[in-house]
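In my numbering, the protein residues as written are 330 to 505. In this text, a Cβ means the ideal position worked out from N, Cα and C, and glycines have one as well.
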Amino acid sequence: MSTQIRSLPEMLVAGTQTPSSDWQVSGVQSEECVSYVAWNTRTHEALVVDPKEEDLEAYRRIASELRDYLWLGVFDTHTHADHVSVAASLAEELRAPLVMHAKSPSPRVQIRVSRDTSLPARAAPVEIIATPGHTQDSITIVWGPFLFGGDTLLFGDVGRDDLPGGSAEDHYESLQ
330 MSTQIRSLPE MLVAGTQTPS SDWQVSGVQS EECVSYVAWN TRTHEALVVD
380 PKEEDLEAYR RIASELRDYL WLGVFDTHTH ADHVSVAASL AEELRAPLVM
430 HAKSPSPRVQ IRVSRDTSLP ARAAPVEIIA TPGHTQDSIT IVWGPFLFGG
480 DTLLFGDVGR DDLPGGSAED HYESLQ
């Protein structure tokens, strides 16, 4: 399957109200995995969530369109078993920190989060919420009108809990 880039209106359920035009997001999808690039046109800030290797050129294309933007971070919402993450190298290219949970095994993480916290930004703080369950290192990102739940929360579903480190009980608590 080829990589598809979808705009915010293409991703919303019919009849859903769109946020202010200052807020934009592109969903980058290949096979069943979706990652995101979000940005604010007023403050020229942007971030990337869950980038994967096979879509690297799509992120580069979007980043070239946002070349004057401040990249707040590249976020991996958890250690992925279903695809190869390109978060560390993309963070380096964008000169942005790689942000993950403190329990992430990656040695390349620059900001490790062990509890709910936020990073300052002009448009809105980037809230990072620990949401274990799918994996021990799962986090959810909230920035402005957007919530990026990784595999903690999916479109009409939740991620698996039967992989190493997964916990149905923790996942349930995270969803509460």
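Helix, strand or coil at residue i [DSSP, three-state]
i	result
Y388	helix
E456	strand
L423	helix
L448	strand
L506	With the chain covering 330 to 505 only, the question about residue 506 has no answer from this structure.
S414	strand
Cα-Cα separation, residue i to residue j
i	j	result
V506	S359	Since the first residue shown for the chain is 330 and the last is 505, residue 506 is missing from the structure and cannot be characterised.
E394	L419	15 Å
S364	K381	8 Å
F404	D397	20 Å
L448	L399	14 Å
R389	E421	12 Å
S336	R424	24 Å
E339	P436	36 Å
D466	D480	11 Å
Q333	R451	30 Å
V283	A459	The requested residue 283 does not occur in the structure, where the chain is confined to residues 330 to 505.
C362	T446	26 Å
S506	G494	Residue 506 lies beyond the residue range present for the chain, which begins at 330 and ends at 505; the question has no answer from this structure.
T406	A417	13 Å
A387	L341	21 Å
Beta-carbon separation (whole angstroms), residue i vs residue j, contact threshold 8 Å
i	j	result
G402	V366	Not really, about 12 Å apart at Cβ, beyond 8 Å.
P434	T408	6 Å
V558	L385	No answer is possible for residue 558: it lies beyond the span of the chain, which begins at 330 and ends at 505.
Indicate whether the contact test is met: 3 or more Cβ pairs, each with one atom in the stretch 466 to 479 and one in the stretch 337 to 356, closer than 8 Å.
yes
Can we say the stretch 333 to 351 touches the stretch 364 to 373, given the rule of at least three CB pairs closer than 8 Å?
yes
If you pair each beta-carbon of the stretch 440 to 450 with each one of the stretch 425 to 432, do three or more pairs fall below 8 Å?
yes
Which ranges does the beta strand (DSSP E) cover as unbroken runs of at least 3 residues, wholly within the stretch 341 to 379, from first to last along the chain?
352 to 359, 362 to 369, 374 to 378
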